[in-house]
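Chemist:
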Amino acid sequence: MAKTAQRQGIKTAPLGEPYVGFCVVRRKEIRYKQDGRPYLVLEFGDWSGRLKARIWENVQQWDRHIPEGAIVKIKAIPQMFNDLKELKVQKIRLKREQEQIDIHQLLPSVNKNVSELKSRFHDHLFSVRHGHLRQLLDRIFADDGFKEQYFLTPGGKLWHHVYLYGMLDHVVGMLEVATALSKDDPWLHMDLLKTGIILHDIGKVWELDISRGFIELSDQGRLFGHVVRGFSFVERHVREMGDFPSELWLQLGHMILSHPGEPEKGAPVVPMTREAMALSLINQLDGNLNALQRILRADVPPGSKWSKFVPLLGRFIHVSHPAEQNHQTEDQEQMHLGDP
3 MAKTAQRQGI KTAPLGEPYV GFCVVRRKEI RYKQDGRPYL VLEFGDWSGR LKARIWENVQ
63 QWDRHIPEGA IVKIKAIPQM FNDLKELKVQ KIRLKREQEQ IDIHQLLPSV NKNVSELKSR
123 FHDHLFSVRH GHLRQLLDRI FADDGFKEQY FLTPGGKLWH HVYLYGMLDH VVGMLEVATA
183 LSKDDPWLHM DLLKTGIILH DIGKVWELDI SRGFIELSDQ GRLFGHVVRG FSFVERHVRE
243 MGDFPSELWL QLGHMILSHP GEPEKGAPVV PMTREAMALS LINQLDGNLN ALQRILRADV
303 PPGSKWSKFV PLLGRFIHVS HPAEQNHQTE DQEQMHLGDP
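The opening residue of the sequence shown carries number 3 in my numbering; numbering runs sequentially from there.
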């Protein structure tokens, strides 16, 4: 389920009030003060976001004791320092084996009603009337467990829809753009385009691993990538159907393979059909707008009208709505560590 207003996370906990909860050590780094003495920088993350902390004493001990990627329980007091929110950690320990942690505690969820997103997804799926395409979709999503895994999967690791149910949010957004396009372009094969949209990122179910409380690439993700993995998955279902038209599969398979748009973006082939080009452009539009929303909320320095430089876009982004600005946490001051 998506996050609710009742629970607290490291970024939503009130300033000055003790907070106790589980989070993930997303990053850690030993740095050195001007006098040469080391200190440890930790970045904690949970469903609400990320905050950093510095450990000044017993640095080597804590560096060995708290590995990067570990799930830990902390007791901390949120505070402001140089106009930025930070955690002053008082106690920290590793998660115990018997403690069960819901993945929703550790990763952010879509900031929308998940049930409504699922309903809109099903409405679009049920609107596909072409016999073979509808049979293919029904076959793939007949397994409720797989369908829930598809829904839960993030839309990406770093760039767009980087949260639980991100792929569901991304696919529904793309389907609705495609529906709007169809009103002005009667030549688009809408059943084919909708099927391609629903299946284009299905390989991310295997590419992205969220089991450790953050989004990372699985072995299949590193060795195959989601484009090839998704293509092979859909191709297997097409073969098992037996009577799926070869020309139709040629069109659909091409859409899956070409959806990243360009070879440097991971596409084995560039889009060469009307529906493949529409899919690729809608994918870029929805993904980039979602990424911009994240950038404007998280990567704008306090008081600035511009984001930090965005390497993937090769530009700065102007804040057109001041309310989008969000203060980020930098370093923290000295803290005492113990066992919560």
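Positions of the beta carbon are idealized from the N, C-alpha and C atoms, including for glycine.
Who are the near neighbours of residue 122 in its chain, counting only those whose CB is closer than 6 Å to its CB and skipping five residues on each side?
Modeler: Here residue 122 is taken as the residue at index 120 of the sequence shown, counted from 1. Counting only Cβ-Cβ distances below 6 Å, and skipping sequence neighbours, we find 174.
Chemist: Please determine, among 10, 176, 118, the residue with the shortest C-alpha to C-alpha distance to residue 79.
Modeler: Position 77 of the sequence shown, counted from the first residue, corresponds to residue 79. Comparing alpha-carbon positions, the option among 10, 176, 118 lying closest to residue 79 turns out to be 10.
Chemist: If contacts are defined as beta-carbon pairs under 8 Å, then residue 12 and residue 51 qualify, I think. What distance do you get, rounded to the angstrom?
Modeler: To locate residue 12, count along the sequence shown from 1; it is residue 10. To locate residue 51, count along the sequence shown from 1; it is residue 49. Contact check for residue 12 and residue 51: beta-carbon distance about 7 Å, within the 8 Å limit, so the pair qualifies.
Chemist: Leaving out the 5 sequence neighbours to the left and right, which residues in its chain are closer than 7 Å to residue 254 when beta-carbon positions are compared?
Modeler: For the purposes of this step, residue 254 is taken as residue 252 along the sequence shown, with counting starting at 1. Hits under 7 Å: 194, 197, 198.
Chemist: Can you tell me whether DSSP reads residue 339 as helix, strand or coil?
Modeler: As a first step, residue 339 is located in the sequence shown; it is residue number 337 there, counting from the start. Legend: pLDDT at residue 339 = 41, less than 50; position of this residue unreliable, value from coordinates given subsequently. Three-state result, residue 339: coil.
Chemist: Residues bridged to residue 48 by DSSP?
Modeler: Translated into the one-based positions of the sequence shown, residue 48 becomes position 46. The partner list for residue 48 (beta bridge, DSSP) reads 51.
Chemist: Drop a sphere of 10 angstroms on the beta-carbon of residue 206, count the other beta-carbons inside from all chains shown, and report buried for 16 or more, exposed for fewer.
Modeler: Taking the first residue of the sequence shown as 1, we reach residue 206 at position 204. Buried is the call here.
Chemist: Please classify residue 40: does DSSP put it in a helix, a strand, or coil?
Modeler: Here residue 40 refers to the residue found at position 38 of the sequence shown. Three-state DSSP puts residue 40 in a strand.
Chemist: With the cut-off set at 8 Å, would you say residue 258 and residue 240 are in Cβ contact?
Modeler: Here residue 258 corresponds to residue number 256 of the sequence shown, with the count starting at 1. Here residue 240 corresponds to residue number 238 of the sequence shown, with the count starting at 1. Their beta carbons are not under 8 Å apart, which means residue 258 does not touch residue 240 by this criterion.
Chemist: Rounded to whole angstroms, what's the CA-CA distance from residue 191 to residue 184? Just pull it up for me.
Modeler: Along the sequence shown, one-based indexing puts residue 191 at 189. Along the sequence shown, one-based indexing puts residue 184 at 182. C-alpha separation (whole angstroms): 9 Å.
Chemist: How about residue 170 and residue 120: are their beta carbons less than 8 Å apart?
Modeler: Start at 1 with the first residue of the sequence shown, and residue 170 comes out as number 168. Start at 1 with the first residue of the sequence shown, and residue 120 comes out as number 118. Yes, the Cβ-Cβ distance between residue 170 and residue 120 is below 8 Å.
Chemist: On a CA-only basis, which of 280, 246, 237, 161 is nearest residue 300? Give me that one, please.
Modeler: In the sequence shown, the residue the question calls residue 300 occupies position 298. Checking every option, the nearest Cα to that of residue 300 belongs to 161.
Chemist: Express the C-alpha separation of residue 153 and residue 17 in angstroms, rounding to a whole number.
Modeler: For the purposes of this step, residue 17 is taken as residue 15 along the sequence shown, with counting starting at 1. For the purposes of this step, residue 153 is taken as residue 151 along the sequence shown, with counting starting at 1. So the alpha carbons of these two residues sit roughly 34 Å apart.
Chemist: What whole-angstrom Cβ distance do residue 319 and residue 284 have, given they're in contact under 8 Å?
Modeler: Here residue 319 is taken as the residue at index 317 of the sequence shown, counted from 1. Here residue 284 is taken as the residue at index 282 of the sequence shown, counted from 1. So it is not a contact: roughly 21 Å between Cβ atoms.
Chemist: Which class does residue 347 belong to by DSSP, given the choice of helix, strand or coil?
Modeler: With the chain running from 3 to 342 in the structure shown, residue 347 is simply not present.
Chemist: Just to check my reading of the structure: residue 24 and residue 97 have Cβ atoms closer than 8 Å, yes? What is that Cβ distance to the nearest angstrom?
Modeler: Start at 1 with the first residue of the sequence shown, and residue 24 comes out as number 22. Start at 1 with the first residue of the sequence shown, and residue 97 comes out as number 95. Yes, they are in contact, since the Cβ atoms of residue 24 and residue 97 sit about 6 Å apart, within 8 Å.
Chemist: Apart from the five residues just before and just after residue 1, which ones in its own chain have a Cβ nearer than 7 Å to its Cβ?
Modeler: As displayed, the chain neither begins before 3 nor continues past 342, which places residue 1 out of reach and without an answer.
Chemist: Between the region 58-68 and the region 134-146, do at least 3 Cβ pairs fall closer than 8 Å?
Modeler: As far as the Cβ criterion goes, the region 58-68 does not touch the region 134-146, which means the pair count is below three.
Chemist: Which runs of the alpha helix (DSSP H) at least 4 residues long sit entirely within the region 244-319? Give them in chain order.
Modeler: 248-260, 276-300
Chemist: Would you mind giving the Cβ-Cβ distance between residue 75 and residue 95, rounded to the nearest angstrom? I have them listed as a contact below 8 Å.
Modeler: By 1-based counting over the sequence shown, the position of residue 75 is 73. By 1-based counting over the sequence shown, the position of residue 95 is 93. Correct: roughly 6 Å between the Cβ atoms.
Chemist: Got a sec, what are the start and stop residues for the alpha helix (DSSP H) residue 92 sits in?
Modeler: Counted from its first residue, the sequence shown places residue 92 at position 90. Counting along the chain, residue 92 falls outside any alpha helix (DSSP H), though it belongs to the beta strand (DSSP E) covering 86-96.
Chemist: Just to confirm before moving on: does the CB-CB distance between residue 111 and residue 167 stay below 8 Å?
Modeler: Here residue 111 refers to the residue found at position 109 when the sequence shown is read from its first residue. Here residue 167 refers to the residue found at position 165 when the sequence shown is read from its first residue. Yes, Cβ-Cβ distance for residue 111 and residue 167 is below 8 Å.
Chemist: Please list, in chain order, all residues of the same chain as residue 47 whose beta carbon is under 7 Å from its beta carbon, the five residues on each side excluded.
Modeler: For the purposes of this step, residue 47 is taken as the residue at position 45 of the sequence shown. Around residue 47: 25, 26, 28, 216.
Chemist: For a quick check, are the C-beta atoms of residue 201 and residue 232 less than 8 Å apart?
Modeler: Within the sequence shown, the letter at position 199 stands for residue 201. Within the sequence shown, the letter at position 230 stands for residue 232. Yes, the Cβ-Cβ distance between residue 201 and residue 232 is below 8 Å.
Chemist: Starting from residue 209 and walking both ways along the beta strand (DSSP E), at which residues does that stretch end?
Modeler: Position 207 of the sequence shown, counted from the start, is the residue given in the question as residue 209. Not the beta strand (DSSP E): residue 209 falls in the alpha helix (DSSP H), residues 206-209.
Chemist: Taking its Cβ as the centre, do 16 or more other Cβ atoms sit within 10 Å of residue 260, making it buried, or is it exposed?
Modeler: Residue 260 sits at position 258 when you count from the first residue of the sequence shown. Classification for residue 260: buried.
Chemist: Apply the 10 Å Cβ neighbour rule to residue 124 and answer buried if 16 or more other Cβ atoms are within range, or exposed otherwise.
Modeler: Reading the sequence shown from its first residue, position 122 is the one you call residue 124. By the neighbour-count rule (16 or more Cβ atoms within 10 Å), residue 124 is not buried but exposed.
Chemist: What are the start and end residues of the alpha helix (DSSP H) that includes residue 11?
Modeler: Residue numbering aside, residue 11 sits at position 9 when the sequence shown is read from its first letter. Unbroken run through residue 11: none, as it is neither H nor E.
Chemist: Determine whether the Cβ of residue 142 lies closer than 8 Å to any Cβ atom of chain D.
Modeler: Checking the listed chains, one finds no chain D in this structure; it contains a single protein chain.
Chemist: Between the C-alpha atoms of residue 85 and residue 43, what's the straight-line distance to the nearest angstrom?
Modeler: If you number the sequence shown from 1, residue 85 lands on position 83. If you number the sequence shown from 1, residue 43 lands on position 41. The straight-line gap from Cα to Cα measures roughly 19 Å.
Chemist: Among the residues of its own chain, which have a CB less than 6 Å from the CB of residue 158, if the five just before and after it don't count?
Modeler: Position 156 of the sequence shown, counted from the first residue, corresponds to residue 158. Excluding the 5 residues flanking it on each side, residue 158 has same chain C-beta neighbours closer than 6 Å at 164, in chain order.
Chemist: If we count the other Cβ atoms within 10 Å of its Cβ and call it buried at 16 or more, is residue 309 buried or exposed?
Modeler: What you label residue 309 is simply residue 307 of the sequence shown in a count that begins at 1. Buried, by the Cβ-count rule.
Chemist: According to the Cβ coordinates, are residue 352 and residue 223 closer than 8 Å?
Modeler: Because the chain here runs from 3 to 342, residue 352 falls outside it and cannot be looked at.
Chemist: Between which two residues does the alpha helix (DSSP H) containing residue 116 stretch?
Modeler: Mapped onto the sequence shown, residue 116 falls at position 114. 116-128 is the span of the alpha helix (DSSP H), which, as asked, contains residue 116.
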